[in-house]
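First up is the structure itself, then whatever we jot down about it.
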Amino acid sequence: MTSLPWERLSDVLSAPQTVELRGTVERARSVLAGRVVWNVSSTARGGGVAEMLQSLIAYSRGAGTDARWVVIEGNPEFFTITKRLHNRLHGAEGDGGPLGDEERMVYEAVTAGNARALEDLVQPGDIAILHDPQTAGLAGPLADRGVRVIWRCHVGVDVANERAHEAWRFLLPYVRHAARFVFSRVSFAWDDLDRDQVVVIPPSIDAFSPKNQDLDASTVGAILRCAGIEAGGCDSSGSVFLRQDGTPGRVDRLADMGGSAPIDESVPVVVQVSRWDRLKDPAGVLDGFVRGIALRTNAHLLIAGPAVAAVTDDPEGLDVFEDILARRAELPEDVRARVHLVSLPMDDPAENAAMVNALQRRATVVVQKSLAEGFGLTVAEAMWKGRPVVASRVGGIQDQIRDGDTGVLVDPLDIEGFADAVVSLLEHPAEAAEMGAAARNEIRDLFLGARHLKQYVDLCEEVLAEAPAQPEPLTA
Ligand code: UDP
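Residue numbers for the sequence shown, in this note's numbering: 86 to 561.
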């Protein structure tokens, strides 16, 4: 596994933040000496969890701790069920399927196989951080082996409805074996969990990763041209970035433009980057553009996401992508030419990240019109790049954007309000730039990796100080 020098994190921190980071590293070394911190998730690529783990684990290793990452196995039935759980935890219906005894059997059979594989690896006294519903079933088997288990749920809903309760009921028998439950915001914590075991840790971004590292304007242009997103032809000597390990990388794979021509260098662009997921509301973004932005500005819309075949734990991606392609196809020719549905190749995750980086930097306005959102790393990424962001007032997005100051928040169902906010930023570049500068400062203060690592070390210290406890028996 890659290690990264934690010291470089201080390059973008304030002096007090740097002092705190040094303290975190010293504490981590003593608290975690002789133990492995296992992170268990369901995919090594695509989506926010994989994005964060890559960086946090590498810096933890660079700081001298034995942090590791295991990706569980699953079959399509399992991932259909866990996607259903994911949607319901967001309060959404998803595919409408049941979460009954049959689903439990599938879930438990896959979990049992993964538990067997992990039981051979872990040692009593290790710590396991299990991420999201896919890994929840491992809490019991690992706790039985003397591992201190932390279950981290990256998704949630501000006001729980029956759908969320249904997911909680399904998962509670598994997660209750964990010593702590981590949520991205306090409102996501489930009613049935003991409040003393709930910890709030918002996500963070890595300022030095290929996704977020500084790129100058000419590199941004070169990357976009080599990916075929911007017109003008590829000169691959310019489309360069630094990989996590410091070695040079180059963008030379083509993105799939979904039938549209590359954008012109000079046009304003409204950009949303996300997985092809209904909760990211690509259809709403398109609608907002067509109804309220296209006729009032000369901007283009660019919705980008991973090439659909690449994200194995997301069975709905293809449907959502095909739906949005069909909607674009129905648009009148002149508007259609200004709508770009871009599939980014995932063969090399660092190259994909560099493309996202360049797109976010190229954006005149970044949007994240999600209907529900655990945190919304794409918002933090764009803010770090000094972009003005228009995003939905949902989930963790509300913890990142102070409305009117570091970005604009809109009601997730208010298509007109969304379009008006984007148009206003397109029409007032000076205010948009000021908002972008405030956004970058906010991310530096609250959402970089150093803060996140400190919270993890606090948490590990806490669970190690306690005797491993057995959960209360479940009452019917
Ligand atoms: N992302 C990416 N390539 C893509 C689309 C998305 O690397 O083609 C990244 C995006 O930049 C962000 C993460 O996937 O880092 C998505 O995280 P977010 O919290 O926004 O949403 P999630 O996918 O976890 O629901």
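We put the CB at the ideal spot given by N, CA and C, even for glycine.
Cβ of E436 within 8 Å of any heavy atom in the ligand UDP?
no
Does the distance between the C-beta of L339 and the nearest non-hydrogen atom of the ligand UDP fall short of 8 Å?
no
For the stretch 374-420, list the alpha helix (DSSP H) runs that are entirely contained and at least 4 residues long, ordered along the chain.
402-414
At a cut-off of 8 Å, would you count R360 as near the ligand UDP, judging by its Cβ distance to the nearest heavy atom?
yes
Determine the closest residue to I486 out of L531, Y192, A438, with distance taken between C-alpha atoms.
L531
Beta-carbon separation of G343 and L429 under 9 Å?
no
Enumerate, from N- to C-terminal direction, the unbroken beta strand (DSSP E) stretches of 3 or more residues contained entirely within the stretch 175-250.
212-216, 233-238
Option nearest A522 by Cα separation, candidates I500, V232, G492
G492
Would R447 and L309 qualify as a contact pair, given that the criterion is a beta-carbon distance under 9 Å?
yes
To the nearest angstrom, how far is it from the Cα of D180 to the Cα of V134?
22 Å
Quick one: Cα of V97 to Cα of Q453, how far?
25 Å
Looking only at its chain, what residues have a beta carbon closer than 7 Å to the beta carbon of Q445, apart from the 5 residues adjacent to it on each side?
V356, V358, V451, E466, A467, K470, R472
Does the beta-carbon distance from V262 to G225 come in below 9 Å?
A small correction: the amino acid at residue 262 is His; Val does not occupy that position in the sequence shown. Cβ distance < 9 Å, so H262 and G225 count as in contact.
If I follow the unbroken beta strand (DSSP E) through D505, where does it start and stop?
Not the beta strand (DSSP E): D505 falls in the alpha helix (DSSP H), residues 500-512.
Do P391 and the ligand UDP come close, with the Cβ less than 8 Å from some heavy atom?
yes
Quick check on Q562: buried or exposed, where buried means 16 or more other Cβ atoms within 10 Å of its Cβ?
A question about residue 562 goes unanswered here, because the residues of the chain that appear run from 86 up to 561.
K365 and S269 look like a contact to me (Cβ under 8 Å); what is the Cβ gap, rounded to whole Å?
Contact doesn't hold; Cβ gap of about 17 Å is too wide.
At which residues does the alpha helix (DSSP H) containing S140 begin and terminate?
133-147
Which residue comes first and which comes last in the alpha helix (DSSP H) that contains A462?
Correcting the residue type first, residue 462 is Leu in the shown sequence and not Ala. Looking at the DSSP string, the run of the alpha helix (DSSP H) that includes L462 is 462-469.
If you measure between the beta carbons of W236 and W253, is that distance less than 9 Å?
no
Considering only the alpha carbon of each residue, which of V305, R335, S140, R230 lies closest to E436?
R335
Pairing CB atoms from the stretch 169-177 with CB atoms from the stretch 136-152, are three or more of them under 8 Å?
no
Identify, in the order they occur along the chain, each residue of the same chain with its Cβ nearer than 7 Å to the Cβ of A221, setting aside the five sequence neighbours on each side.
L215, W236, L256, Y259, V260
Spatial neighbours of D291 in its chain, beta-carbon cut-off 7 Å, leaving aside the 5 residues before and after:
S140, N297, G534
Exposed or buried, what is H513 when buried is set at 16 or more other beta-carbons lying within 10 Å of its beta-carbon?
exposed
Beta-carbon proximity check, R338 vs D229, cutoff 9 Å
no
Hey, is G459 close to the ligand UDP, as in C-beta under 8 Å from one of its heavy atoms?
yes
Could you tell me if the beta carbon of L462 falls within a distance shorter than 8 Å of some heavy atom in the ligand UDP?
yes
At a cut-off of 8 Å, would you count H239 as near the ligand UDP, judging by its Cβ distance to the nearest heavy atom?
yes
Between A518, L544, A302, which lies nearest to D490 when the distance is taken from Cα to Cα?
A518
Per DSSP, cross-strand counterpart(s) of I348:
E315
Label N172 either buried or exposed according to how many other C-beta atoms from any shown protein chain fall within 10 Å of its C-beta, with 16 as the threshold for buried.
buried
Quickly, what does DSSP pair F268 with across the bridge? List them, please.
C238, V285
Nearest by alpha-carbon distance to L511: which of Y192, L380, V420, R529 is it?
L380
Sort D205, L227, A202, Q219 by Cα distance to A213 and report the nearest one.
L227
Assign G402 to buried or exposed, taking buried as 16 or more other Cβ atoms, counted over all protein chains shown, within 10 Å of its Cβ.
buried
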